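A.B. asks: Submitted below is the structure of interest, expressed as structure tokens.
Residue numbers (our numbering): 11 to 363.
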């Protein structure tokens, strides 16, 4: 059987940029942003003054041009461009580069549109807080932000580093600042302590803070420290272990349950039924990282089955392609997935997935 044919190399694509003052930021220090694009897409980028030539496979050339245009437009709109933004634009370009491909079809199915880069440049799906103006960094993040804007109950499912909790906290802060909700309530199951925190030293806050620290970190990214302290003291923002949600009705509140894979079915039902008038709920978790005792059923897994056809509930599923932390995190996630799903031994010396 012959292998795939040679990759078609397109004629060089020439780009010209009107504002020379933006090019040092666009290209990056020592052209590191251009090098990043070259490495990811397998193209060659040659700059001369305000002109740039793109050489390489035809499809990759178009993705490189789309990436550079999107980043340049961001700069023209006064928005920052750094390594994270370059990675985000590349992720969007690859996902939307071929609408007929699985990635392109998945992007369209998730409602991000056929041009994810347009969402990256524009403000349709951005989140504005006191300290940050947050844009989606993958097609799935675009779909997630849209779901957070439009649905009362959203499930964000997938591996670490995909922005599930961070974006949910950002949306909660934005809605509180806009007066759309009165309170933010952030919760996690304290599974590591078995919900029995008595043996730990200190008062209640000192006992539970280690398990809730990621939620505090996200808040401090969105609001000045004095505002976080003031709102925590007034009760406008509340951070509490899941066990403290029982018996409450949470009206006019944006409620986030993080690490939901570590809830039991009873806990999950208890939490979901706390939703009150003019309330919003977001449930985030990684179904592959359950810390419950062996054999215990995850409330998150059960909720996916029970609620999948319920009107008004949105499920957004992230994959390793959506990891927006350090690129090493993506490689780690994929390595663990490969180890957990080894090739099948067919007994004839060949393996199959």
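Note that CB positions come from ideal geometry on N, CA and C, so glycine has one too.
If you're wondering where the values come from, they're calculated on a predicted model, not measured in any experiment.
(1) Can you tell me the Cα-Cα spacing of residue 229 and residue 61, whole angstroms?
(2) Hey, residue 165 and residue 324: beta-carbon distance below 9 Å or not?
(3) Mind checking whether residue 183 and residue 195 have CB atoms under 9 Å apart?
(4) Considering just the uninterrupted stretch of the alpha helix (DSSP H) at residue 77, what are its terminal residues?
(5) Is the Cβ-Cβ distance between residue 267 and residue 252 less than 9 Å?
(6) Need the endpoints of the alpha helix (DSSP H) that residue 395 sits in, please.
(7) Whole angstroms are fine: how far does the CA of residue 312 sit from the CA of residue 162?
(8) What's the C-alpha gap between residue 210 and residue 301?
(9) Rounded to a whole number of angstroms, what is the C-alpha to C-alpha distance between residue 89 and residue 83?
(10) Leaving out five residues before and five after residue 284 in sequence, what residues of the same chain have Cβ atoms less than 6 Å from its Cβ?
(11) What first and last residue would you give for the alpha helix (DSSP H) that runs through residue 244?
(12) For the candidate residues 338, 186 and 199, whose alpha-carbon lies nearest to that of residue 289?
(13) If I'm right that residue 36 touches residue 91 with Cβ under 8 Å, what's the distance once you round it to whole angstroms?
(14) For residue 117, does the three-state DSSP call read helix, strand or coil?
(15) Taking residue 73 as the reference, give the member of 58, 322, 23 and 85 with the closest Cα.
(16) Distance, Cα to Cα, residue 69 vs residue 52?
(17) Run through DSSP, which three-state label would residue 50 get?
C.D. replies: So, from the listed chains and residues:
(1) Looking at the two C-alpha atoms, the distance is approximately 42 Å.
(2) In this structure, residue 324 lies closer than 9 Å to residue 165 by Cβ.
(3) Taking 9 Å as the cut-off, the Cβ atoms of residue 183 and residue 195 do not count as close.
(4) That run of the alpha helix (DSSP H) goes 68-86.
(5) yes
(6) Coverage of the chain is limited to positions 11 through 363, which leaves residue 395 absent and any answer about it impossible.
(7) 19 Å
(8) Summary for residue 210: the model assigns pLDDT 49, below 50, so the residue's position carries little reliability; its value from the coordinates is reported in the next sentence. One C-alpha to the other measures close to 20 Å.
(9) 9 Å
(10) 255, 258 and 260
(11) 235-244
(12) 186
(13) 6 Å
(14) Confidence in residue 117 is poor, its pLDDT being 38 and thus under 50, which makes the residue's placement unreliable; the coordinate value appears in the next sentence. Here residue 117 sits in helix by DSSP.
(15) 23
(16) 10 Å
(17) helix
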